[in-house]
Amino acid sequence: MQVKIEESPKAYSVRAAVETHRLSKLFSTGKGILGVDLRVHRGEIFGLVGPNGSGKSTLLKLISGEIRPSSGSFAVLGGNRIWDNSRLRRKIGVVREGVAHVEALSGYQNAWFFARVYGLSAAQAAVRLEELFHWADLDSHKHQPVRTYSFGMKRKLALIEALAHNPELLLLDEPSLGLDYSSVLAWREKLVEMSKSGITTILATNDTNDAERLCHRIAFIHRGRIVGSGRPQELMEHIQGSYEILLTLRYPMDIRQISAIDGVAAVVAEGDALKVLAASNKKVLPELVAAVVWGGGSILSLEVRQPTLGDVFLKITGSTVGG
Amino acid sequence: MLPSTLWQVGVAELLSSRRSTFIKVIFPTVVGGLYLFVAPSGFFTASLITVLAAVTGCFGTGITLSRARSEGVLQRITLTPLSRRRIVLEQLAINSAVDFCQMLPLALLTSMKFEAYDLRLLTLLLALGVALVAANLLGLLMIILATTVGEAMLYSSLALFPLLYIGGVFTPVGLEGTRAILSSTVPFSCLQQALLAVIGESPAWPALRVVETSVVAGAGMLLVAALVGPRVLRFEP
Numbered sequence: 007m008q009v010k011i012e013e014s015p016k017a018y019s020v021r022a023a024v025e026t027h028r029l030s031k032l033f034s035t036g037k038g039i040l041g042v043d044l045r046v047h048r049g050e051i052f053g054l055v056g057p058n059g060s061g062k063s064t065l066l067k068l069i070s071g072e073i074r075p076s077s078g079s080f081a082v083l084g085g086n087r088i089w090d091n092s093r094l095r096r097k098i099g100v101v102r103e104g105v106a107h108v109e110a111l112s113g114y115q116n117a118w119f120f121a122r123v124y125g126l127s128a129a130q131a132a133v134r135l136e137e138l139f140h141w142a143d144l145d146s147h148k149h150q151p152v153r154t155y156s157f158g159m160k161r162k163l164a165l166i167e168a169l170a171h172n173p174e175l176l177l178l179d180e181p182s183l184g185l186d187y188s189s190v191l192a193w194r195e196k197l198v199e200m201s202k203s204g205i206t207t208i209l210a211t212n213d214t215n216d217a218e219r220l221c222h223r224i225a226f227i228h229r230g231r232i233v234g235s236g237r238p239q240e241l242m243e244h245i246q247g248s249y250e251i252l253l254t255l256r257y258p259m260d261i262r263q264i265s266a267i268d269g270v271a272a273v274v275a276e277g278d279a280l281k282v283l284a285a286s287n288k289k290v291l292p293e294l295v296a297a298v299v300w301g302g303g304s305i306l307s308l309e310v311r312q313p314t315l316g317d318v319f320l321k322i323t324g325s326t327v328g329g
Numbered sequence: 026m027l028p029s030t031l032w033q034v035g036v037a038e039l040l041s042s043r044r045s046t047f048i049k050v051i052f053p054t055v056v057g058g059l060y061l062f063v064a065p066s067g068f069f070t071a072s073l074i075t076v077l078a079a080v081t082g083c084f085g086t087g088i089t090l091s092r093a094r095s096e097g098v099l100q101r102i103t104l105t106p107l108s109r110r111r112i113v114l115e116q117l118a119i120n121s122a123v124d125f126c127q128m129l130p131l132a133l134l135t136s137m138k139f140e141a142y143d144l145r146l147l148t149l150l151l152a153l154g155v156a157l158v159a160a161n162l163l164g165l166l167m168i169i170l171a172t173t174v175g176e177a178m179l180y181s182s183l184a185l186f187p188l189l190y191i192g193g194v195f196t197p198v199g200l201e202g203t204r205a206i207l208s209s210t211v212p213f214s215c216l217q218q219a220l221l222a223v224i225g226e227s228p229a230w231p232a233l234r235v236v237e238t239s240v241v242a243g244a245g246m247l248l249v250a251a252l253v254g255p256r257v258l259r260f261e262p
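Here the protein sequences line up with chains A and B, keeping their order.
In terms of this note's numbering, the first sequence has 75 at position 69, counting the first letter as 1, and numbering is strictly consecutive.
In terms of this note's numbering, the second sequence has 64 at position 39, counting the first letter as 1, and numbering is strictly consecutive.
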């Protein structure tokens, strides 16, 4: 594996919060990311959307300095070599995949440690944590050991730890995973509010609804490569006029006949369900039902829906974001 | 206690689980203390205490850090403004300090049993501190190779026991020869020699040599920790 890290990357834009240039990271398993070029503007909520294992977390780990690139270069808030740059890391808030806290300590002790390490004074930390624990509805649990917390509570604590020092850049890996409905709403509201105040966010998610609703721009990542990017509305233009048909079958069937139907843009099987992206052609629906029936299939339910960003991803890659 | 630094996190963790901390502190004192009264010879007493100190330091750090790494806590701490070198040195310091508190009652009990309240006790405490830093450093370095807690223990054992042998902990080392030279490079031999002096056996090294070797070994280990330690915090799968 060639290891080439450009020490003096090309001139990066001061307006960009994060800029990558042919950034690659290859693991011994053969997975990783390859030749990623990105520019995330300051104050923007930028979505990295792709299925599990597509490279979203690897890209966030590179940008946060947790791992080093195999080749290429990148700049964060105008600086590079983040793994050696304490001052740069002070400006960044991170929610990693999974949860990682000192389990024997209370939620408040954990959050206090991170707030202080990121440079808040004791007085600032007390005020900020009071506000954030209240926001996250963890007030009544803050002095309990983290080992007694549910997964959702641990995720909320990770968000508190990431936000306490008012970072300029937030790197969030599936931040709403495990949160209850009201917490998700509160979280979305917070993200938009922070964006308005100039904080940049990179949000890695496989929830296309979250991405569509929250992000100013999105990059689709598939098998370690960026396969499409733009504003959600621009991306949706790829499938303008299309619609999504969801079929639940009694048992799985061969989908080759369905793929051959004129007007079917993409089809993917997920267990006993079929997801079909069809062009705006009224003939598709009867032909689809006929193909299933003639193919020996049995339909339990059929639903026609407006397409989503997930369908754009399906059209581009031939696979679903959730899978 | 609200921790603002890594070493304070270590202390807060200890205070939060008082029962296990009590057991940790009492274990070497009870095991070593009993042995003080039944050991067939002073050499075996010194050997047992040295092995207890080495295992306490080496396995403790190996297990603690490899668990923190597999849970992602180390990775998260690495993303903070703390430098990797500082994280490693603070971890080494807090683990060694905790182990010192754990072994201190046994060291004091030994000196009381053999009525060694003079320079021999001070030499013993210095050598104990250096041996614990060495054991913790070994545990720390072994987790570079290990991916699980079990592997950390295995690699630590593979490295630790030959070092204890070379250090003259299992069989006495003479004043000359290759083994005598090698033993002077292993910090555990300082503790063994200091214990022999306290117990009243005739150590191969005079007290001054134990002090000199301990100081040089301590400085050398801190240098190794500063140079190689940050490698522990690289998380390339």
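Heads up, the beta-carbon is just placed ideally off N, CA and C, and yes, glycines get one too.
If you're wondering where the values come from, they're calculated on a predicted model, not measured in any experiment.
Exercise. Between Lys-148 (chain A) and the rest of its own chain, which residues show a CB-CB distance below 7 Å, the 5 nearest in sequence each way excluded?
Worked result: As a working note, residue 148 (chain A) is residue 142 in the first sequence. The answer, listed in chain order, is Ser-112, Gly-113, Tyr-114, Phe-139.
For this session: Would you kindly check if the distance between the Cβ of Ser-325 (chain A) and the Cβ of Pro-57 (chain A) is under 8 Å?
Result: The residue you call residue 57 (chain A) lines up with position 51 of the first sequence. The residue you call residue 325 (chain A) lines up with position 319 of the first sequence. Yes, these two residues count as a Cβ contact at 8 Å.
Exercise. Roughly how many angstroms lie between the CA atoms of Arg-259 (chain B) and Ile-251 (chain A), to the nearest whole one?
Worked result: For the purposes of this step, residue 259 (chain B) is taken as the residue at position 234 of the second sequence. For the purposes of this step, residue 251 (chain A) is taken as the residue at position 245 of the first sequence. About 46 Å.
For this session: Quick one: which residues of the segment 87-111 of chain B get their C-beta closer than 7 Å to a C-beta of chain D? List them in chain order.
Result: Absence of chain D from the displayed structure is noted, the protein chains being A and B.
Problem set entry | Nearest residue (CA-CA) to Val-56 (chain B), options B:Ala-141, B:Leu-131, B:Gln-116, B:Ser-136 | In the second sequence, residue 56 (chain B) corresponds to position 31, counting from 1. Among B:Ala-141, B:Leu-131, B:Gln-116, B:Ser-136, the Cα nearest to that of Val-56 (chain B) belongs to B:Leu-131.
Problem set entry | beta strand (DSSP E) runs contained entirely in the segment 210-268 of chain A, provided each spans 3 or more residues | Restricted to the segment 210-268 of chain A, the beta strand (DSSP E) segments that are unbroken, complete and at least 3 residues in length are 223-228, 231-236, 249-255, listed in chain order.
Problem set entry | Sheet register partners of Arg-311 (chain A) (DSSP bridge) | Along the first sequence, read from residue 1 onward, the residue named residue 311 (chain A) stands at position 305. DSSP, once it has assigned bridges, lists A:Glu-250 as partnering Arg-311 (chain A).
Exercise. Does Ser-170 (chain B) come within less than 8 Å of chain A when only Cβ atoms are used?
Worked result: The count along the second sequence starts at 1 and reaches residue 170 (chain B) at position 145. First, the amino acid is wrong: residue 170 (chain B) is Leu here, not Ser. Judged by the 8 Å Cβ criterion, Leu-170 (chain B) is not in contact with chain A.
For this session: Determine the burial state of Gln-239 (chain A): buried for a count of at least 16 other Cβ atoms within 10 Å of its Cβ, exposed for fewer.
Result: Here residue 239 (chain A) refers to the residue found at position 233 when the first sequence is read from its first residue. Counting Cβ neighbours within 10 Å, Gln-239 (chain A) comes out exposed, since fewer than 16 surround it.
For this session: Indicate whether at least one CB of chain B lies closer than 8 Å to the CB of Ser-70 (chain A).
Result: Stepping through the first sequence from its first residue, residue 70 (chain A) is reached at position 64. By this cut-off, Ser-70 (chain A) is an interface position.
Problem set entry | Coil, strand or helix - Lys-16 (chain A) by DSSP | Along the first sequence, one-based indexing puts residue 16 (chain A) at 10. Confidence at Lys-16 (chain A) is low in this model, with a pLDDT of 49, below 50, so the placement of that residue should be treated as unreliable; the coordinate-derived value is given next. It is coil, neither helix nor strand.
Exercise. Taking the alpha carbon of Lys-281 (chain A) as the point to measure from, which residue in A:Asp-143, A:Leu-176, A:Ile-261 has its own alpha carbon closest?
Worked result: Along the first sequence, one-based indexing puts residue 281 (chain A) at 275. Taking only the C-alpha atoms, the option nearest Lys-281 (chain A) is A:Ile-261.
Exercise. Does DSSP classify Ser-304 (chain A) as helix, strand or coil?
Worked result: Translated into the one-based positions of the first sequence, residue 304 (chain A) becomes position 298. Of the three classes helix, strand and coil, the one that applies to Ser-304 (chain A) here is coil, per DSSP.
Problem set entry | Gly-53 (chain A) to His-222 (chain A) span [Cα, whole Å] | As a working mapping, residue 53 (chain A) is identified with position 47 in the first sequence. As a working mapping, residue 222 (chain A) is identified with position 216 in the first sequence. Approximately 8 Å, taken between the alpha carbons.
Exercise. Taking 8 Å as the CB-CB limit, is Trp-102 (chain A) close to chain B?
Worked result: The residue labelled residue 102 (chain A) in the question sits at position 96 within the first sequence. One point to set straight first is that residue 102 (chain A) is Arg, not Trp, in the sequence displayed. With 8 Å as the cut-off, Arg-102 (chain A) counts as an interface residue toward chain B.
Exercise. Contact check, Leu-135 (chain A) vs Ala-110 (chain A) under 8 Å by CB: the rounded distance?
Worked result: Indexing the first sequence from 1 puts residue 135 (chain A) at position 129. Indexing the first sequence from 1 puts residue 110 (chain A) at position 104. Between Ala-110 (chain A) and Leu-135 (chain A) the Cβ distance is about 19 Å, and since that is not below 8 Å, they are no contact.
Exercise. Between the beta-carbon of Leu-157 (chain B) and the beta-carbon of Met-128 (chain B), is there less than 8 Å?
Worked result: Sequence index remark: in the second sequence, residue 157 (chain B) carries index 132 (1-based). Sequence index remark: in the second sequence, residue 128 (chain B) carries index 103 (1-based). Yes, they are a contact pair.
Exercise. Within 8 Å (strictly less), CB to CB, does Glu-73 (chain A) reach chain B?
Worked result: Walking along the first sequence from the start, residue 73 (chain A) turns up at place 67. The sequence as given places Ile at residue 73 (chain A); Glu does not occur at that position. Interface residue, yes.
Problem set entry | 8 Å Cβ cut-off: residues of chain A touching Glu-261 (chain B) | Numbered from its first residue, the second sequence carries residue 261 (chain B) at position 236. Neighbours of Glu-261 (chain B) on chain A, chain order: Phe-33, Ile-73, Arg-74.
Exercise. Any C-beta of chain B sitting closer than 8 Å to the C-beta of Tyr-187 (chain A)?
Worked result: Within the first sequence, numbered from 1, the residue matching residue 187 (chain A) stands at position 181. Chain B contact via Cβ: absent.
Exercise. Looking at C-alpha atoms only, which residue of A:Ala-296, A:Ala-285, A:Leu-253, A:Gly-302 is the closest neighbour of Asp-278 (chain A)?
Worked result: Within the first sequence, residue 278 (chain A) is the residue found at index 272, counting from 1. For Asp-278 (chain A), the nearest C-alpha among the options comes from A:Leu-253.
Problem set entry | Beta bridge counterpart(s) of Leu-175 (chain A) as assigned by DSSP | Indexing the first sequence from 1 puts residue 175 (chain A) at position 169. Answer is A:Ile-98, A:Thr-206, bridged to Leu-175 (chain A).
For this session: Could you tell me whether the Cβ of Leu-117 (chain B) comes closer than 8 Å to any Cβ of chain A?
Result: As a first step, residue 117 (chain B) is located in the second sequence; it is residue number 92 there, counting from the start. By this cut-off, Leu-117 (chain B) is not an interface position.
Exercise. Hey, is Gln-115 (chain A)'s beta-carbon within less than 8 Å of any beta-carbon in chain B?
Worked result: The count along the first sequence starts at 1 and reaches residue 115 (chain A) at position 109. Taking Cβ atoms only, chain B reaches closer than 8 Å to Gln-115 (chain A), which makes this a yes.
For this session: Count the other CB atoms, across all protein chains shown, that sit within 10 Å of the CB of Ser-203 (chain A); report buried if there are 16 or more and exposed otherwise.
Result: Translated into the one-based positions of the first sequence, residue 203 (chain A) becomes position 197. Per the 10 Å Cβ criterion, exposed.
Exercise. Val-330 (chain A) CB to nearest chain B CB: under 8 Å?
Worked result: A query on residue 330 (chain A) cannot be resolved here, the shown segment of chain A reaching from 7 to 329 and no further.
Problem set entry | contact_flag[the segment 123-133 of chain A, the segment 167-187 of chain A] where n(CB pairs < 8 Å) is 3 or more | At 8 Å Cβ cutoff, the stretches touch.
Exercise. Are any of the Cβ atoms in chain A nearer than 8 Å to that of Ala-37 (chain B)?
Worked result: If you number the second sequence from 1, residue 37 (chain B) lands on position 12. Ala-37 (chain B) counts as touching chain A.
Exercise. Residues in the segment 123-155 of chain A with C-beta within 8 Å of chain B's C-beta atoms, listed in sequence order?
Worked result: Val-123, Tyr-124, Gly-125, Ala-128, Pro-151
Exercise. Hey, is Val-236 (chain B)'s beta-carbon within less than 8 Å of any beta-carbon in chain A?
Worked result: Working through the second sequence from its first residue, we reach residue 236 (chain B) at position 211. No, because no Cβ of chain A sits closer than 8 Å to the Cβ of Val-236 (chain B).
Exercise. Given Leu-61 (chain B), which residues of its chain have a CB within under 8 Å of its CB, disregarding the five upstream and five downstream residues?
Worked result: Residue mapping note: residue 61 (chain B) aligns to position 36 of the second sequence, counting from 1. These residues qualify, in order along the chain: Thr-70, Leu-134, Thr-135, Lys-138.
Exercise. Which residues in the same chain as Phe-157 (chain A) place their Cβ atom closer than 8 Å to its Cβ, once the five residues preceding and following it in sequence are excluded?
Worked result: Stepping through the first sequence from its first residue, residue 157 (chain A) is reached at position 151. So the list reads Val-105, Gly-184, once near-sequence residues are dropped.
Exercise. Can you round the beta-carbon distance between Leu-209 (chain A) and Leu-220 (chain A) to whole angstroms, since I take them to be within the 8 Å contact cut?
Worked result: In the first sequence, the residue the question calls residue 209 (chain A) occupies position 203. In the first sequence, the residue the question calls residue 220 (chain A) occupies position 214. That belief holds up - the Cβ atoms of Leu-209 (chain A) and Leu-220 (chain A) are roughly 7 Å apart, short of 8 Å.
Exercise. Does DSSP put Leu-200 (chain B) in a helix, in a strand, or in coil?
Worked result: On the second sequence, position 175 is the one that residue 200 (chain B) refers to. If DSSP states are grouped into helix, strand and coil, Leu-200 (chain B) belongs with coil.
Exercise. What are the start and end residues of the alpha helix (DSSP H) that includes Ile-73 (chain A)?
Worked result: Stepping through the first sequence from its first residue, residue 73 (chain A) is reached at position 67. It is not in any alpha helix (DSSP H) - Ile-73 (chain A) carries neither H nor E in the DSSP assignment.
Problem set entry | Within chain B, the residues that Ser-30 (chain A) reaches when beta carbons sit closer than 8 Å | Residue numbering aside, residue 30 (chain A) sits at position 24 when the first sequence is read from its first letter. Correct list: empty, because the minimum Cβ distance to chain B is about 14 Å.
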